[in-house]
Every structure is written in C-alpha cells, then in structure tokens.
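Residue numbers (this note's numbering), protein chains in the order written: chain B, 39 to 486; chain R, 201 to 367.
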C-alpha cells in the first residue's frame, strides 16, 4: 500500500498544477474546517510515529507543545537527512515537494506556527531550489501568506540550508544551527516543546512524518491506524542500499517480512551475482547490524517483519531497530571489520566535540579498528573496543554517542570470530575477506 | 574595505535576513556564508568572514566558530572543481574505495590535494545521502551518481572543457 509516493511517477507532479489536479492540498481544505485540537487528536488516533529514527508518537509530541500567551510557536521540519543508508526524505522532497508543503501547512495550522522552517542538509542544494519553487507556487495560489483561504491564519515557510553536519539532525543541534550557531546539542530539559527556537515553544518533525499528515487528515486517523500492525501503523519509506539488485526508496506497509523485502522483485530484488546474504543494518547505520540468520528470523524462530516491534524483537542481544528505515545489505564478500571502520570514522568525523566520551571515544574506536583492519591489531583490542563503546553509551548529552557505540558493539557481538581472524591472520586479511562463517550455515539449516 | 558582495548577492542577503524575526539576523549566518564562499573564490578567508560579520552585525568570532564547525565550508583554497567522493559504509560496499583510487591515479594527487594547475581538488567525505546510487560524489551543487571509471573520465573531461570556455 502506498500513501506517500503513489503519485511520484505522474508527469509534472513536482509542480503545482499537476499536484493540485491529482488531489493535492485537499487535506488543507479539510483541516481548515477542523479545530487545531481536533487535528492533533486525529494524529494521535493514527498512531503515527516519528519517521526520523526515534519512532516517538507524533500526536503526543504535538500535545506537549506549550502555548503561553503572546509567545510565537514554531514548527521546524527536519530535512537534515544524514544517517548513512538513509535517502528517503530526499526522494520525497525531490519528487513530491508539494506533499511536504501541504503537510507543513496543515501541521503549522494545528500547532499555531506562523513561521515554519525547513532545515535541509547543505549538500541537498538542488533540492533547496525545488522546495523554494514549490513554496513560491503555494504562495501564488493562496495556500501560504496572510489570512490563508479567509481563515485568519497566517503562515510562511522558509528553507534553511545547513552546511554539512550530521549532528544537526538531532533536534536541539538543529535549532542551534537554525539560530546561526555551531550544531552543539542542548541539554534537555528544557525540551524544545517548552523552549526551542529562539527560546520559543517548538516542534521538530522529520520530513516523512510531516508528509504522512496529509493522508492521515484525508482518510482520518482511525483509517490510517488500520494499516500495518501493532504499534507500527501506516506506511514507512525504506531506503534500500548496499549489495542488492534494486537499490532505491520503497513504501511498505509494515506487515511484510524482511525476507520478502530483500528477495522479492517488488522490492530489493535479491542480491547480485548469486551471492548470499551475510548481514544487514535494517534502520540506518546507528542501529545494530544483524547476521543473516537473526535478520530473517528472530531468536525465537519467528519470521522477522519490517516493523518497529519485530525488528527490535530480542533487544540488542538478538535484534535491531527500525530506525530511519535506511536498509543496508551486505553480501558474503563484505568485510565486517572494514565496514565497521567506515562507520566509526563517520561518527568520529561527525562528533560535535562537546562531550568527552564521544569526542575522545569515537576517535579511539576508529584508530583501534584501523589497526585491526590493516593487520596491526591485537586480540585484546577487541575487548578494548567493547570497553570503549560501553563507556560512550549513555554518557553523552545527545544520542550521537549511542549511535557511534551501537554499530561497534553489534559488530563484535555477532562477528567476534571475524575480528579475531583479522588479528590471527594479519596478512591474509589484507587480500581476502572472512566470508560467511558459521552464521550463514545456521541460516541454511533454518531455511532448509 | 574593498571586499563587497555584488548588488544581486546583497539583495539576496537582505532577503535571507527577512526570513527571521526582527533581531534574529544571526540566523542568516549559515546561508550567507554559503553565498560568500560561492562568490569569493570557493573558500572562506578571514577578511571574507569579517565582512560577513559586519553585514550581520555580529562579532567576527561568531562567524569563525561556525565556519570551522561545518564541513562544507573550505578553510583553505580549493581547486576550481571540487570532487567530494563519499567513502562511508554504503558507498564502500559499492566500490567507493576503487573510485577514490582511480581518481587519485587519474589526477595524480592524494586525497586532500589540489592539482598543480589549480583545477581539481579531491576530498573523501562522509555520507551524502545517496547510498542507493553509490558510488557517488558531489560536484558543485549537484551529485554525480553510479560512478564508474568511465564516468569519472567523462566528468574530468567535462570540467576541463568548461574551464577552457570560462578562461
């Protein structure tokens, strides 16, 4: 089922005329006949969870927004998509910019935001132009500006480009950056809902979350909640990459199995060159990597599904997370040590430097992993890595520390033998990869 | 001060400042620095940053601390064409190491270096959000995706031609 990108292939849908002719902006017309409180209620009923990675219920987040008299409130759209493996928001904004603008108008009305900002990662420069064009079109057609459609509601949307900093996807760092500062996360509380942009109450939501507001208002929260299962309601965009035949952005209702997602022609289309599946990071680089056997089946032997509950089944011991929906597939030729090194290097590069466990720990992990990868490691380095990641996790202001610790922890947890093999075979590991080892054999027993 | 934005850029700066409430003009810093980098030779020299501080009525240190934080601002001169090749996990799985090595050989420079003619700079960067279209690089405002050695050759050729026209 597709609610968000079903119209992405219609010719000219990027522009107002085609978008409007295909039912665009109907949710704004409907929302303006409702009260802001009723809109928040619909979002609550829908069960929509934040699509940026944390999965926090959107309706609840909205209901926390403080509404002191005479103080402006702000809605900020988080388009700083930078979690490795994630490129779904880019797709939405590039091909369906008006869907985001429509969702932003409804959400701004519900929250009482008269100035709404889209904070987009600086590298998406051409998408900034696309969004600004869509905003201009919406203005020209009376969907933005003063007294929109005679409701007395004023709203303007502005796009702000970042300048290359993963940390600005964290909502308080994003707010700092929007204020023209370094992207250093703030200590919470106070939460942005009380004290956010320019100390005013602020809601920060992901692009996909705000786009999902459109179908929710159109179909009603109850109807939306019927799609999917459990607490994974509605549809989710998954950006699939790595060693698969058909990398790209897919919209799924959260009932299909991971196996179907990887192997069916409707989605990833299997693994190229007849290779076998080694491992997968199902929700963006921060979430735990899983070996093939634990990816396709839970530790209890149940089929693993593409939703919040099933992907996290087993906790971090045997499960992972839905995260941002950045789905990274590794085939049998890939080296876990090298892959983990690239992620450790990424987090070290992106650490803002405020908290010492993260600032020092990410660099330390990178150096130890570098030694292991290049044949200079010791067996004790593996325990050292484990120790460092454990001391970062939970000891930083923002979740970047956790995000840096988890991939290293999961790689050691599930692929310790591969790390040991690197240490014991320093020369061979430079020319050959460890391959599948025992977890793939287990998989064959499972699927036999 | 001799350094000054063009008329067009100056009005763009005013438009950027107007996006924020009265007195919050510092919020325009990041977009104005992009504009400055584009207009003043592809990097942010100290006089450029000081000029931006004056424009926004903030202190120079407020500009320096921001300019040095974000990876898109160049703190030293770069070639006319900046190849920023992604090297993070998903791109690595699709062969970004080979692409980086190929560019190094083709241009005869290491990562972080500029060719002697000042045309090309090679940078290895972290995830740019194009993981499904890997390997890839950013060149100016746009992404070049699904890179192969042949495509890299074409891009280098394209830059050389463009540069010959603009000279």
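The beta-carbon is built from N, C-alpha and C at its ideal position, and this holds for glycine as well.
Kindly indicate the opening and closing residues of the alpha helix (DSSP H) around residue i.
i	result
residue 283/R	Taken as a continuous stretch (DSSP letters only), residue 283/R belongs to no alpha helix (DSSP H), being part of the beta strand (DSSP E) at 281-286.
residue 291/R	289-293
residue 98/B	96-101
residue 213/B	209-216
residue 352/B	Looking at the DSSP string, residue 352/B is not in any alpha helix (DSSP H), and its letter there is neither H nor E.
residue 265/R	260-267
residue 459/B	438-462
residue 42/B	Residue 42/B -> no alpha helix (DSSP H), and no H or E assigned at all.
residue 231/R	229-239
Going by DSSP, what residue range makes up the beta strand (DSSP E) through residue i?
i	result
residue 244/B	240-244
residue 318/B	315-319
residue 190/B	Where residue 190/B is concerned, there is no enclosing beta strand (DSSP E), given that its DSSP letter is neither H nor E.
Just to make sure I have the definition right: I need the residues of chain R whose C-beta is within less than 7 Å of the C-beta of residue i. Which are they?
i	result
residue 412/B	Correct list: empty, because the minimum Cβ distance to chain R is about 13 Å.
residue 202/B	270, 271, 272
Below 8 Å on the Cβ atoms is my contact criterion, and I expect residue i with residue j to pass it. Report the Cβ-Cβ distance as a whole number of Å.
i	j	result
residue 380/B	residue 289/R	5 Å
residue 212/B	residue 116/B	6 Å
residue 270/B	residue 345/B	4 Å
residue 249/B	residue 137/B	5 Å
residue 420/B	residue 397/B	Contact doesn't hold; Cβ gap of about 23 Å is too wide.
residue 390/B	residue 221/B	6 Å
residue 351/B	residue 207/B	Incorrect: roughly 26 Å between the Cβ atoms, too far for contact.
residue 131/B	residue 245/B	6 Å
residue 295/B	residue 320/B	That belief does not hold up - the Cβ atoms of residue 295/B and residue 320/B are roughly 12 Å apart, past 8 Å.
residue 282/R	residue 254/R	That belief does not hold up - the Cβ atoms of residue 282/R and residue 254/R are roughly 27 Å apart, past 8 Å.
residue 141/B	residue 276/B	Rounded, the Cβ-Cβ distance is 19 Å, inconsistent with contact.
residue 175/B	residue 53/B	7 Å
residue 180/B	residue 187/B	7 Å
residue 361/B	residue 88/B	With 8 Å as the limit, residue 361/B and residue 88/B do not qualify as a contact, their Cβ atoms being about 11 Å apart.
residue 271/R	residue 216/B	Rounded, the Cβ-Cβ distance is 18 Å, inconsistent with contact.
Under 7 Å Cβ-Cβ, which residues of chain B neighbour residue i?
i	result
residue 231/R	198, 199
residue 260/R	Within chain B, no residue comes near residue 260/R; the closest Cβ sits about 14 Å away, beyond 7 Å.
residue 173/R	Residue 173/R is absent from the structure shown; chain R starts at 201 and stops at 367.
residue 219/R	196
Starting from the Cα of residue i, find the closest Cα among the options and give me that residue.
i	options	result
residue 209/B	65/B, 99/B, 60/B, 417/B	99/B
residue 386/B	88/B, 291/B, 438/B, 283/B	438/B
residue 369/B	140/B, 315/B, 150/B, 80/B	315/B
residue 427/B	418/B, 436/B, 445/B	445/B
residue 273/B	129/B, 292/B, 279/B	292/B
residue 241/B	155/B, 84/B, 72/B	155/B
residue 348/R	297/R, 224/R, 209/R, 228/R	297/R
residue 225/B	459/B, 433/B, 458/B, 465/B	433/B
residue 105/B	151/B, 377/B, 143/B	151/B
residue 395/B	326/B, 429/B, 377/B	429/B
residue 232/R	221/R, 263/R, 303/R	263/R
residue 416/B	458/B, 403/B, 441/B, 146/B	458/B
residue 276/R	244/R, 261/R, 266/R	244/R
residue 76/B	188/B, 148/B, 56/B, 467/B	148/B
residue 356/R	367/R, 339/R, 366/R, 346/R	339/R
residue 227/B	219/B, 200/B, 239/B, 196/B	239/B
residue 396/R	353/R, 267/R, 344/R	The displayed coordinates of chain R run from 201 to 367. Any statement about residue 396/R would go beyond what the structure contains.
residue 403/B	435/B, 443/B, 330/B	443/B
residue 281/B	360/R, 351/R, 335/R, 363/R	335/R
In this structure, what does DSSP give as the bridge partners for residue i?
i	result
residue 366/B	279/B, 319/B
residue 343/B	295/B
residue 112/B	153/B, 240/B
residue 322/R	283/R
residue 338/R	284/R, 343/R
residue 314/R	321/R
residue 328/B	318/B
residue 117/B	158/B
residue 267/B	270/B
residue 183/B	193/B
residue 213/R	Answer by DSSP bridge pairing: none, since residue 213/R is not bridged.
Could you work out which residues of chain R lie near residue i, taking near to mean beta carbons separated by less than 8 Å?
i	result
residue 381/B	288, 289
residue 159/B	329
residue 216/B	227
residue 388/B	326
residue 384/B	288, 289, 326, 327
residue 372/B	293
Please list, in chain order, the chain R residues whose beta carbon lies closer than 9 Å to that of residue i.
i	result
residue 124/B	327, 329, 331
residue 128/B	329, 330
Taking Cβ-Cβ distances shorter than 8 Å, what residues in chain B pair up with residue i?
i	result
residue 249/R	Result: empty, since nearest Cβ-Cβ is about 13 Å, beyond 8 Å.
residue 336/R	Result: empty, since nearest Cβ-Cβ is about 10 Å, beyond 8 Å.
residue 235/R	Here the premise fails: no neighbours, minimum Cβ distance about 10 Å.
residue 341/R	163, 164
Using the beta-carbon of each residue, which ones in chain B are nearer than 9 Å to residue i?
i	result
residue 222/R	In chain order: nothing, as chain B lies at least about 11 Å away.
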